[in-house]
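Residue 211 in UniProt numbering is what sits at position 211 of the sequence shown, and the numbering runs on without skipping anything. All C-beta atoms, glycine included, are put in the ideal place defined by N, C-alpha and C.
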Amino acid sequence: MKKKHVELHCHTHYSHDSLLNKWFYLFMFKLRNIHVVAITDHNELEGAKKFKPFLEKRGIKVILGEEVFTSKGEIIGLFIHNKIQPNLSPKETMLEIKKQGGLVYIPHPYDKKRYKTVLNEEEIATNIDLIDFIEVHNGRNIKTEFSDKQLAIGNKYGKTSLIGSDAHTFIELGRNFNIMDEFHDPNSFIKSAKKAGFQKRECLDISHTLTKIVRLIKLLKRGRFHEIYRVILKRYKREKH
């Protein structure tokens, strides 16, 4: 059976911190031989729905997904078909994913830099029976210790391990992916994921800087100057101390 290169946890311009359009996806995936992508924008499903027909017409399969910000951190739903509202509890979010026939994927379960978006381990333990996958490497980890800790959490709870790209910029696409047997639905995805191999690469230093610039550009376009002021003030205070 031919193996598939499956890139999970990717963002598009429908996320508040990305400018990626469908042509970037097509070019980079053809260049780097990616066969399947799970598009998981922040609190949004529309990007995945819009990109799916375009990419699949050109030979790249798309899994519909969403990275949902819950009251305790982020959770990804894979194989869903309706947008899930943010700020629900982790359990409510997971149950909504399951209600849609989807799969629950925990992204970056440890990251000191992005601690505000990390679902803490207590919530993972409490809701472990609802979780299908734990991300054991994230393409935006700025330190190898983050990947080591993520792997330790995945091993501790015995859930199927997968790796996430977390691509927000075109240079990140096609660098981190899972090597899996072909699948056709959530059940066959689960089966294939249990035997997945990984292609892992470290974070590109410039990626987080580019994301910050994109976020500011989008805030400017929306006229949200008070938020820009808050960002600048926060950075000034950090550098001052």
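From residue i to residue j, what does the alpha carbon distance come to, in whole angstroms?
i: Ala193; j: Lys212; result: 33 Å
i: Lys99; j: Lys52; result: 22 Å
i: Glu121; j: Gly65; result: 22 Å
i: Leu204; j: Leu88; result: 32 Å
i: Leu31; j: Ser188; result: 27 Å
i: Val62; j: Ala38; result: 6 Å
i: Phe225; j: His208; result: 21 Å
Starting from residue i, trace the alpha helix (DSSP H) both ways and give me its first and last residue.
i: Leu210; result: 205 to 221
i: Ala167; result: First-last for Ala167: undefined, no H or E at that position.
i: Lys30; result: 22 to 32
i: Thr12; result: Taken as a continuous stretch (DSSP letters only), Thr12 belongs to no alpha helix (DSSP H), as it is neither H nor E.
i: Lys83; result: Counting along the chain, Lys83 falls outside any alpha helix (DSSP H), and DSSP gives it neither H nor E.
Helix or strand or just coil, what does DSSP make of residue i?
i: Ser192; result: helix
i: Asn138; result: strand
i: Leu64; result: strand
i: Tyr157; result: helix
i: Phe69; result: strand
i: Phe133; result: strand
i: Gly59; result: coil
i: Pro109; result: coil
i: Asp148; result: helix
i: Lys91; result: helix
From which residue to which residue does the beta strand (DSSP E) around residue i run?
i: Asp41; result: 36 to 42
i: Ser161; result: 160 to 164
i: Ile76; result: 73 to 78
i: Tyr105; result: 103 to 106
Here's a check: name, in chain order, each residue in its chain whose Cβ is nearer than 8 Å to the Cβ of residue i, leaving out the five neighbours to either side.
i: Asn21; result: Thr12, His13
i: His16; result: His42, Arg215, Lys218
Leaving out five residues on either side along the sequence, give the residues of the same chain with a beta carbon under 7 Å from the beta carbon of residue i.
i: Arg114; result: His108
i: Arg58; result: Leu26
Residues in the same chain with beta-carbon distance under 6 Å from residue i, minus the five sequence neighbours each way, listed in chain order, please.
i: Gly197; result: Ile179
i: Asp166; result: His9, Asn138, Gly139, Arg140
i: Glu67; result: Thr40, His42, Glu74, Ile76
i: His35; result: Lys4, His5
Tell me the DSSP bridge mates of residue i?
i: Asn178; result: Val6, Phe198
i: Tyr115; result: In the DSSP output, where bridge partners are listed per residue, Tyr115 has none listed.
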